[in-house]
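Protein sequence lines correspond, in order, to chains A and B.
Sequential numbering of the first sequence, starting at 1, is according to my numbering.
Sequential numbering of the second sequence, starting at 1, is according to my numbering.
Even for Gly, the Cβ is constructed at its ideal location relative to N, Cα and C.
Bear in mind the structure is a predicted one, so any value in this text is a computation, not a measurement.
There are 2 protein chains.
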Amino acid sequence: MKLYDLKAGLNPRRVRIFLAEKGLEIPRVESDLPRGDNKTPEFLRLNPLGKLPVLELDDGSVLTESVAICHYLESLHPEPNLCGRDALERAQIEMWDRRMEFDAAAHAIGAFVHLHPFWIGRETQVAAFGELSRDKLLQRMAWLNDELAEREFIAAGRYTLADITLQCALVMAKGIGIRIPEQHSNLARWFAAVTARPTARA
Amino acid sequence: MKLYDLKAGLNPRRVRIFLAEKGLEIPRVESDLPRGDNKTPEFLRLNPLGKLPVLELDDGSVLTESVAICHYLESLHPEPNLCGRDALERAQIEMWDRRMEFDAAAHAIGAFVHLHPFWIGRETQVAAFGELSRDKLLQRMAWLNDELAEREFIAAGRYTLADITLQCALVMAKGIGIRIPEQHSNLARWFAAVTARPTARA
Chain A
1 MKLYDLKAGL NPRRVRIFLA EKGLEIPRVE SDLPRGDNKT PEFLRLNPLG
51 KLPVLELDDG SVLTESVAIC HYLESLHPEP NLCGRDALER AQIEMWDRRM
101 EFDAAAHAIG AFVHLHPFWI GRETQVAAFG ELSRDKLLQR MAWLNDELAE
151 REFIAAGRYT LADITLQCAL VMAKGIGIRI PEQHSNLARW FAAVTARPTA
201 RA
Chain B
1 MKLYDLKAGL NPRRVRIFLA EKGLEIPRVE SDLPRGDNKT PEFLRLNPLG
51 KLPVLELDDG SVLTESVAIC HYLESLHPEP NLCGRDALER AQIEMWDRRM
101 EFDAAAHAIG AFVHLHPFWI GRETQVAAFG ELSRDKLLQR MAWLNDELAE
151 REFIAAGRYT LADITLQCAL VMAKGIGIRI PEQHSNLARW FAAVTARPTA
201 RA
């Protein structure tokens, strides 16, 4: 297997932390977005959408989409379990993982793409949408702070893919200056704990 | 089980078509968004995010998020298979399903929420973002037209959850006046085929 990676990307980081939690090492090819590595004909043959990460399997077939990659890796390497031990737990973790995608990560990405100078000339930026995304992320932080009042992790009573997704969303948010407001002490406690894991630097 | 449903919603429709393809009937509670059914204290206890669909299980526990619900239903009712028969096929269908979510459905929803009068007073609308979403959806239609040049379905050589997701995205798009451009005959042929299935009216 070979992983096409992007150091700063939210979704590539999800897969890297997932691999580190599993104790897996996969050869990686680092992409340079400003150099246009994801727009070369070779890369577009792997993923016509030009997105990262991409997992190339030994038979040459290709998987994209971080969650599809993580679920596939979990099927090959079930322990430690990060996506659920039975159908209902898998569904509950997937529910929470998707909430973390659509109600946290998507807003962090919206703020990054529409407000950050990196994207000038790369994406059509709509500043008002970036600000709306930032505001929604802050609203969702308040909700998550309530959710975490009486539990240690996002789902299933242990560290799972849903924690990884929120962690990566809040790392991106922090990188663009959207920090957890001081009054949200439960969320801040959770964030300090997950980012203190040895795998957080993967 | 009980399904909290929303007739016009993109994600509730995904679950309804999925159920119909499986030949399953689950009692449904129809929600009325203008009446605020999804903002009542009772509903927010089921889903604090106020979103539909919601599947209430017989033990009172709750699943939200259409894809988590579909994967769970597939584990209980494996046939006809809509999400993959082994780990690799599951990953490939999930990859395609997520592409249909992030590169089609998300743009249709962006255009709907930010351009359609229904959302005035319900969501902060950013018209420029709605227009960007519409343009991106049209770009992705061109890509999908190429993808469908030599195959009948989106993934795995048969009708799967990935087809359902694109189908629901394009039904929403059509409802707000974004139609498949005439020159995209492969995509149009696919859309005519999937919407002619008896389950399309579910």
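Original post:
CA-CA distance, A/Glu42 and B/Asp5?
Top reply: Looking up residue 42 of chain A in the first sequence gives position 42. Looking up residue 5 of chain B in the second sequence gives position 5. Whole-angstrom Cα-Cα distance: 44 Å.
**Study point:** Exposure of B/Met141, with buried meaning 16 or more beta-carbon neighbours within 10 Å
**Key:** The count along the second sequence starts at 1 and reaches residue 141 of chain B at position 141. With 16 or more Cβ atoms within 10 Å of its Cβ, B/Met141 is classed as buried.
Do the CB positions of A/Leu148 and A/Arg134 come within less than 9 Å of each other?
Residue 148 of chain A sits at position 148 when you count from the first residue of the first sequence. Residue 134 of chain A sits at position 134 when you count from the first residue of the first sequence. Against a cut-off of 9 Å, the Cβ pair of A/Arg134 and A/Leu148 comes out as no contact.
Practice prompt. Inspect the beta-carbon positions of B/Thr199 and B/Val171 and report whether they are closer than 9 Å.
Written response: Working through the second sequence from its first residue, we reach residue 199 of chain B at position 199. Working through the second sequence from its first residue, we reach residue 171 of chain B at position 171. With respect to B/Val171, B/Thr199 sits apart: the two C-beta atoms are not nearer than 9 Å.
| Assumed close pair B/Ala193, B/Gln92 - CB separation to whole angstroms, cut-off 8 Å | Along the second sequence, one-based indexing puts residue 193 of chain B at 193. Along the second sequence, one-based indexing puts residue 92 of chain B at 92. B/Ala193 to B/Gln92, Cβ: 21 Å. No contact.
From the DSSP output, in three-state form, read off B/Thr64 for me. By 1-based counting over the second sequence, the position of residue 64 of chain B is 64. Reduced to three states, the DSSP call for B/Thr64 is strand.
Discussion item. In the DSSP output, what is A/Glu182 paired with across the bridge?
Written reply: The count along the first sequence starts at 1 and reaches residue 182 of chain A at position 182. Per DSSP, none; premise fails for A/Glu182.
_So if I threshold CB-CB distances at 7 Å, which residues from the stretch 112-138 of chain B count as touching chain A?_
If the cut-off is 7 Å between Cβ atoms, the stretch 112-138 of chain B has Thr124, Val126, Ala128, Phe129 and Leu132 near chain A.
Q: Indicate whether B/Met95 and A/Ala68 have their beta-carbon atoms separated by less than 9 Å.
A: Against the second sequence, residue 95 of chain B aligns to sequence position 95. Against the first sequence, residue 68 of chain A aligns to sequence position 68. Taking 9 Å as the cut-off, the Cβ atoms of B/Met95 and A/Ala68 count as close.
- What beta strand (DSSP E) runs, 3 residues minimum, are completely inside the stretch 90-116 of chain B? As far as the stretch 90-116 of chain B is concerned, it has no whole beta strand (DSSP E) run of at least 3 residues.
(message) Using the three-state DSSP reduction, which class does A/Arg13 fall into: helix, strand or coil?
(response) Taking the first residue of the first sequence as position 1, residue 13 of chain A is located at position 13. Secondary structure at A/Arg13: helix, using DSSP grouped into helix, strand and coil.
Strictly under 9 Å for the Cβ-Cβ distance: is A/Ala87 near chain B by that measure?
If you number the first sequence from 1, residue 87 of chain A lands on position 87. Residue contact with chain B for A/Ala87: present (Cβ-Cβ distance below 9 Å to some residue of chain B).
DSSP state of A/Lys2 mapped onto helix, strand, coil: The sequence position of residue 2 of chain A within the first sequence is 2, counting from 1. If DSSP states are grouped into helix, strand and coil, A/Lys2 belongs with the strands.
Beta-bridge partners of B/Glu30, as assigned by DSSP: By one-based count along the second sequence, residue 30 of chain B stands at place 30. Residue pairing of B/Glu30 in beta bridges, as defined by DSSP: B/Asp5.
field: Whole-Å CB distance - B/Leu3 paired with B/Pro53, under 8 Å assumed
entry: Residue 3 of chain B sits at position 3 when you count from the first residue of the second sequence. Residue 53 of chain B sits at position 53 when you count from the first residue of the second sequence. The C-beta distance from B/Leu3 to B/Pro53 rounds to 6 Å, short enough to fall under 8 Å.
Quiz item: Less than 8 Å between the CB of B/Lys22 and some heavy atom of the ligand MN, yes or no?
Solution: Ligands are entirely absent from the displayed structure, and the ligand MN is therefore not among its contents.
query = chain B beta carbons: is any one of them nearer than 9 Å to that of A/Tyr72?
reply = The sequence position of residue 72 of chain A within the first sequence is 72, counting from 1. A/Tyr72 counts as touching chain B.
Let me confirm a value: A/Ser61 is counted as buried when at least 16 other C-beta atoms fall within 10 Å, else exposed. Which label applies?
Counting from 1 along the first sequence, the entry for residue 61 of chain A is found at position 61. With fewer than 16 other beta carbons inside 10 angstroms of its own, A/Ser61 counts as exposed.
Taking Cβ positions, are B/Glu152 and B/Trp119 nearer each other than 9 Å? Indexing the second sequence from 1 puts residue 152 of chain B at position 152. Indexing the second sequence from 1 puts residue 119 of chain B at position 119. Not closer than 9 Å, so no.
Using CA atoms only, rank isn't needed, just tell me which of A/Ala188, A/Arg197, A/Trp143 and A/Ala105 is closest to A/Ala162.
As a working mapping, residue 162 of chain A is identified with position 162 in the first sequence. Nearest of A/Ala188, A/Arg197, A/Trp143 and A/Ala105 to A/Ala162, Cα basis: A/Ala105.
**Q.** Whole beta strand (DSSP E) elements within the stretch 133-183 of chain B, 3-residue minimum
**A.** Taking only runs of at least 3 residues, no beta strand (DSSP E) segment lies wholly in the stretch 133-183 of chain B.
Beta-carbon proximity check, B/Leu132 vs B/Ala173, cutoff 9 Å
As a first step, residue 132 of chain B must be located in the second sequence, where it is residue number 132. As a first step, residue 173 of chain B must be located in the second sequence, where it is residue number 173. No, they are not a contact pair.
(Q) I'd like to know if A/Arg98 contacts chain B, where contact means its C-beta is closer than 9 Å to some C-beta of that chain. (A) Here the question's residue 98 of chain A lines up with position 98 in the first sequence. Chain B, which has a Cβ nearer than 9 Å to the Cβ of A/Arg98, makes this yes.
* the stretch 13-46 of chain A: positions lying closer than 7 Å to chain B by Cβ -> Residues passing the 7 Å Cβ filter: none.
Requested in this report: Using a Cβ cut-off of 8 Å, pull out every chain A residue sitting near B/Glu56, in sequence order please.
Outcome: In the second sequence, counting from the first residue as 1, residue 56 of chain B sits at position 56. Contact note: B/Glu56 does not reach chain A at a C-beta cutoff of 8 Å; the least C-beta distance is about 13 Å.
* To do: Indicate whether at least one CB of chain D lies closer than 9 Å to the CB of A/Arg197.
  => Absent from the structure is chain D; the protein chains it does hold are A and B.
message = For chain A, check one thing: does any of its Cβ atoms lie closer than 9 Å to the Cβ of B/Ala91?
response = For the purposes of this step, residue 91 of chain B is taken as the residue at position 91 of the second sequence. For B/Ala91, the nearest beta carbon of chain A is closer than 9 Å to its own beta carbon.
- Message: Taking the alpha carbon of A/Gly175 as the reference point, which residue from A/Ala188, A/Tyr159 and A/Phe112 has its own alpha carbon closest?
- Response: As a position in the first sequence, residue 175 of chain A is number 175, starting the count at 1. For the residues A/Ala188, A/Tyr159 and A/Phe112, the minimum Cα distance to A/Gly175 belongs to A/Phe112.
Close Cβ partners of B/Arg13 (< 6 Å) along its chain, the five nearest in sequence each way excluded = Translated into the one-based positions of the second sequence, residue 13 of chain B becomes position 13. Excluding residues within five positions, the ones whose Cβ falls inside 6 Å are Cys168.
- Outcome for B/Thr160 when other beta-carbon atoms lying within 10 angstroms are tallied against a minimum of 16: Mapped onto the second sequence, residue 160 of chain B falls at position 160. If you draw a 10 Å sphere on the C-beta of B/Thr160, you find 16 or more other C-beta atoms in it, and that means buried.
Which stretch, first to last residue, makes up the alpha helix (DSSP H) that contains B/Glu42? Against the second sequence, residue 42 of chain B aligns to sequence position 42. Following the DSSP letters along the chain, one finds B/Glu42 inside the alpha helix (DSSP H) bounded by residues Pro41 to Leu46.
Proximity to A/Gln183 [Cα-Cα], best of A/Ser66, A/Asp146 and A/Phe18:
Looking up residue 183 of chain A in the first sequence gives position 183. Nearest of A/Ser66, A/Asp146 and A/Phe18 to A/Gln183, Cα basis: A/Asp146.
Discussion item. I'd like the span of the beta strand (DSSP E) that includes B/Val126, first residue to last.
Written reply: Working through the second sequence from its first residue, we reach residue 126 of chain B at position 126. Per DSSP, B/Val126 lies in no beta strand (DSSP E) and is assigned neither H nor E.
Checklist entry - Does the beta-carbon distance from B/Val126 to A/Phe102 come in below 9 Å? => result Your numbering for residue 126 of chain B matches position 126 in the second sequence. Your numbering for residue 102 of chain A matches position 102 in the first sequence. Not in contact: B/Val126 and A/Phe102 (Cβ atoms no closer than 9 Å).
In the structure shown, what three-state DSSP assignment does A/Glu56 receive? Locating residue 56 of chain A in the first sequence gives position 56, where the first residue counts as 1. Strand, per DSSP.
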